[in-house]
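Each remark here refers to the structure printed beneath this line.
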Amino acid sequence: MTAGDAALEEAAPVRARRASPVVAAALAAAAIVLGGVFAGAVQSTLLMTLLTQAIITAILATGVGFLIRQNGVVSFGHAAFYGMACYTIALAMRHGVMPIEAAILLALVLPTALAFALGLVIVRIPGVAFSMLTLAVGQALYEFATKARHATGGDDGLTVNLPARVFGVSTSLFQDPHAMFVVSWAVLALVVLALAAVAASPFGRLTAAIRENEERARFIGYATVLPRVLVLTLSAFVVAIAGVLFTLYNAFVSPDVLHWSLSGSALIMAIIGGPRLIWGPAFGAIIFFFAKDMAGDVTEHWQAIIGVILIVVMLLLPVGLGGALARLWRRGAGHG
Amino acid sequence: MLVQVLNGLVYGGLLYIVSVGLVLIFGLRRIVNFAHGSLFMIGAYVGFSVAAMGGFWGAVLVAALVLALAGALLDVTVLRPLQREDPIVTVLVTFGLLLVLENFAQFVWGKDFLKMPVPAMLSGSVSIFGESFPAYRLLVIAVAAAVALGLSVWLRVSRIGLYVRASSADPLTTAMQGVNTDRVSVVVVALGAGLAGLSGTISAPLLALSPSMGSYILIESFIVVVVGGLGSFVGAFVAAMVIGQVHNFGLVYVPWAATMIPFLLMVAVLIWRPTGIAGSHV
Amino acid sequence: MADGFAIEGIDITRSFGGFFALKGISIAVPPGEIRGLIGPNGAGKSTLIDVLSGRADRWTGTVRMFGDDIGALPAHQRRRAGLARSFQRTNVFADLTVVDQLEIAARAAETPNVEEIMAELSLTALAGKRAADISYGDQRRLDLALALIGRPRILLLDEPAAGLSIGESLELAHNLKDLVARWKVTVLLVEHDMEVVFSICDRITVLHLGELLAEGTPDEIRGIPEVVTAYLGSSV
């Protein structure tokens, strides 16, 4: 390495931080356009259905991954926030107490508020116990939804009576795989962009510092509970967005949207994709869906397959597939 | 009323036997085994299969031994290589194991609920203060009591037990005492897994067997361990007994909210005391 | 500033399980002084630093900073009030670059003197490097830099030279002495390297098994036979 290279490397972090908002915004805009073009080009409804589900779940995984990235803790209970958003819309529509637009707003607010309140109690708990708690919290909500049959329909679930138009747009559009793909893809791009901006902001860098060394952060003058609570709250908000999209798309909810196995899947997607990258978990989600689709006739062993993949990734590739890809790309770019 | 309390003891006792395995492993290695519930589940199935061939008592013995062996294997192949990593890595790897084991059970024993019969000699009822109570359930209480007693004696008397107690109080100093930690760890993890297998088998006649029973008991025992204070044996015992009672009275009086009660109790305890009842600083 | 002390601990006691880490210790450091805190292992030096900085729990007594009782303040508020500390075991943000973590610290201190600190502690050339990738000696200086950001009024140092070579620790000590003199920082310094302590401290407090053994100027301390035999040995 020459002296020039060394100087370049030192300057890189500072420069990258200044350039990133513009570059990221351009990237996101390009991604949204590309998504539209892609949806226009692909004829197969089957593929688009798969992709739309994958993208909605990718938003869920992005929320879960952001918590890992900024707080360094692993949640096994984010389905609670996702499912809560779904059920909020379903129940509001069932009882006809408010217009769909208000229900959507409420579906974003409630899980976010729950995460904030819960966060005040659970972010103080050290890493491993935090994982145990989130699992218990998520499952408590699931049990409640299955037991409270009179309200939630129990295991049978609820059909969501959506009105003809949502935000002035025909509801059928939200249930069309092609159109919904474009919507979800755009939301995902915006979420990733927004989270990247947060991560690069002073708040993002503070929470990264707290993740690295909570004690030292206190001794340089920061209260460390609230920032971590806010990260959890933000990640729950992202997950609630995914829940809203899911409900609009499927117009049906069942307790599955609250089950720990959904939390677990989202977590696995985040780990496979690599949570150190903001886009890693979304990438992991897409890989997950295609792998599951390709597994085809061995799907009854899908759970074991994904378990083995998780173990292998944890042991051999701690940066995840996205992280490895980013490294390869960087190396390739360096040589070229 | 008395019957209700006894039923609470049955459930609390089972929870205790499962949870104490988690406590043992946490105390020694500061990690949580997410596959612990799966060991309980596999224990129940192994017990089910052996009981069909060789009777109930053989099943209890075989299940406990098979799972203890599996625990030793788990320690050597998974926990030991990961001991220098962040505990989160172990959480995720054992979570992967949970998925594999659940799928394995589904493959071997099927998805349908299985029912293991109560052993014939214990199928009757006993009269306690004029109320009749199933004899088998009394056995479960007795086993839980025996485990609690045996374990606390073992923790006080044996070298390994002393080491485990010291380690759960203060892992840093204990690590410098020149004890062969690898050997201690194999014994402790095998014991924890064996207890999971034991509780799986003895609870099999009371529960419907399904591959997902493992994650259900895992969550319940997490609540016990967190409420009791991570790594605390006494705390886990008290928490298991309280949750056993609360769970049972909940089922009787507010069935629709019963599953929420242990969880609410946990949140309340954590607000009151973030490190659990026994309140050791983690 | 009623009583004229920068940092003051009055009748500090901390015990756990019947073992007393500190038994009614009182210490008072006037502004601008560099005070050494010495004593054998287990004397309670680090515990005292922990109590003063807000890291310890379950202690009794009074902690005052420029006359204000700060005993109930959490650590981060003490830091914002101008009471900073470093750590015995290097305590930096391993995955963050040097400049990033100093900038984060500067934001809390509301005094963006990052460039100044980096220059004073020879960290400028390492600004873009991750803390995990720099040498141990550089990490020790980074730890110190994190404490010195924002020009705190009081600095509690827990063995800042631990693990450094003799040359390195003396260099660090004089670097530090020069800096605190210019910035008028009051220092309480725990250090095992007696050469460092006796060359930069104005006064020295000796602790032994949680109790106050002696207090005085370096020359006075050298002249107390029981300190020399109990702790200093023949090396000084």
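Protein chains in written order, with the numbering used here: chain B, 167 to 502; chain A, 598 to 879; chain P, 768 to 1003.
Backbone N, C-alpha and C define an ideal beta-carbon position, used for all residues, glycine too.
This structure is a prediction, so every number in the text was calculated from the model and none was measured.
Starting from residue i, trace the beta strand (DSSP E) in both directions and tell me its first and last residue.
i, result
"Asp-925 (chain P)", "921-925"
"Gly-828 (chain P)", "826-832"
"Thr-862 (chain P)", "According to the sequence as given, residue 862 (chain P) is Asp; it is not Thr. Premise fails: Asp-862 (chain P) is in no beta strand (DSSP E) and is neither H nor E."
"Val-973 (chain P)", "970-975"
"Pro-441 (chain B)", "Looking at the DSSP string, Pro-441 (chain B) is not in any beta strand (DSSP E), and its letter there is neither H nor E."
"Leu-666 (chain A)", "Taken as a continuous stretch (DSSP letters only), Leu-666 (chain A) belongs to no beta strand (DSSP E), being part of the alpha helix (DSSP H) at 653-671."
"Val-954 (chain P)", "953-957"
"Asp-778 (chain P)", "774-783"
"Glu-1004 (chain P)", "Residue 1004 (chain P) falls outside the range modelled here, since chain P spans only 768 to 1003, and no answer is possible."
So, residue i versus residue j, is the Cβ gap smaller than 7 Å?
i, j, result
"Ala-773 (chain P)", "Thr-972 (chain P)", "no"
"Thr-218 (chain B)", "Met-346 (chain B)", "yes"
"His-843 (chain P)", "Ala-389 (chain B)", "yes"
"Leu-216 (chain B)", "Asp-459 (chain B)", "yes"
"Val-629 (chain A)", "Ile-738 (chain A)", "no"
"Gly-591 (chain A)", "Gly-789 (chain A)", "Chain A is shown from 598 up to 879; residue 591 (chain A) falls before or after that span and cannot be answered."
"Ile-916 (chain P)", "Ala-948 (chain P)", "no"
"Ile-221 (chain B)", "Ser-350 (chain B)", "yes"
"Ala-363 (chain B)", "His-244 (chain B)", "no"
"Gly-605 (chain A)", "Thr-798 (chain A)", "no"
"Gly-841 (chain A)", "Ala-833 (chain A)", "no"
"Gly-794 (chain A)", "Leu-664 (chain A)", "yes"
"Leu-399 (chain B)", "Ala-269 (chain B)", "According to the sequence provided, residue 399 (chain B) is Thr. The question's Leu does not apply to it. Contact: no."
"Phe-692 (chain A)", "Phe-631 (chain A)", "yes"
Answer with yes or no whether the minimum CB distance from residue i to chain B is below 7 Å.
i, result
"Asp-862 (chain P)", "yes"
"Ile-801 (chain P)", "no"
"Thr-691 (chain A)", "no"
"Ile-774 (chain P)", "no"
"Leu-757 (chain P)", "Nothing can be reported for residue 757 (chain P): it is not among the residues displayed for chain P, which extend from 768 to 1003."
"Asn-858 (chain P)", "yes"
"Asn-630 (chain A)", "no"
"Arg-852 (chain P)", "yes"
"Ile-614 (chain A)", "no"
"Ala-848 (chain P)", "no"
"Leu-696 (chain A)", "yes"
"Ala-842 (chain P)", "yes"
"Leu-827 (chain A)", "yes"
"Leu-611 (chain A)", "no"
"Leu-913 (chain P)", "yes"
"Val-785 (chain A)", "no"
"Phe-819 (chain A)", "yes"
"Val-686 (chain A)", "yes"
"Asn-604 (chain A)", "no"
"Val-831 (chain A)", "no"
"Val-715 (chain A)", "no"
Where does the unbroken alpha helix (DSSP H) through residue i begin, and where does it stop?
i, result
"Met-759 (chain P)", "Because chain P spans 768 through 1003 in this model, residue 759 (chain P) falls outside it and cannot be assessed."
"Ser-297 (chain B)", "293-313"
"Asp-900 (chain P)", "Unbroken run through Asp-900 (chain P): none, as it is neither H nor E."
"Gly-609 (chain A)", "599-626"
"Ser-793 (chain P)", "Here Ser-793 (chain P) belongs to no alpha helix (DSSP H); instead the beta strand (DSSP E) covers 786-796."
"Gly-794 (chain A)", "778-800"
"Val-843 (chain A)", "830-850"
"Asp-817 (chain P)", "812-820"
"Arg-852 (chain P)", "It is not in any alpha helix (DSSP H) - Arg-852 (chain P) instead sits in the beta strand (DSSP E) that spans 850-852."
"Arg-382 (chain B)", "380-385"
"Glu-982 (chain P)", "Glu-982 (chain P) -> not in any alpha helix (DSSP H); beta strand (DSSP E) instead, spanning 978-983."
Could you check whether the Cβ of residue i sits closer than 7 Å to any Cβ belonging to chain A?
i, result
"Gly-293 (chain B)", "yes"
"Val-250 (chain B)", "Note on residue identity: the sequence assigns Met, not Val, to residue 250 (chain B). Chain A contact via Cβ: absent."
"Ile-376 (chain B)", "no"
Output yes if chain P places a C-beta closer than 7 Å to the C-beta of residue i; else output no.
i, result
"Ile-386 (chain B)", "yes"
"Leu-286 (chain B)", "no"
Determine which residues of the region 843-877 of chain A have a Cβ less than 7 Å from any Cβ of chain B, and write them out in chain order.
-> Those residues of the region 843-877 of chain A placed with their C-beta closer than 7 Å to a C-beta in chain B are Trp-853, Thr-856, Met-857, Phe-860, Met-863, Val-864, Leu-867, Ile-868 and Pro-871, ordered along the chain.
Chain P contacts from the region 428-442 of chain B (Cβ-Cβ distance under 8 Å) = Those residues of the region 428-442 of chain B that come within reach of chain P (Cβ to Cβ, closer than 8 Å) do not exist; the list is empty.
Listed in chain order, which residues of the region 444-470 of chain B have Cβ atoms closer than 9 Å to some Cβ of chain A?
-> Glu-466, His-467, Trp-468, Gln-469 and Ala-470
Residues in the region 353-375 of chain B with C-beta within 7 Å of chain P's C-beta atoms, listed in sequence order?
-> So the close ones are Pro-368, Arg-371, Leu-372, Ala-374 and Ala-375.
Of all the residues that make up the region 380-405 of chain B, which are near chain P by a beta-carbon distance shorter than 9 Å?
-> Glu-381, Arg-382, Ala-383, Arg-384, Phe-385, Ile-386, Gly-387, Tyr-388, Ala-389 and Thr-390
Any chance you could list the alpha helix (DSSP H) runs of at least 4 consecutive residues sitting entirely within the region 720-765 of chain A, in chain order?
-> 732-754
Using a Cβ-Cβ cut-off of less than 7 Å, list which residues of the region 875-899 of chain P approach chain B; keep chain order.
-> Listed by position along the chain: Ala-875, Ala-876, Ala-894 and Gly-895.
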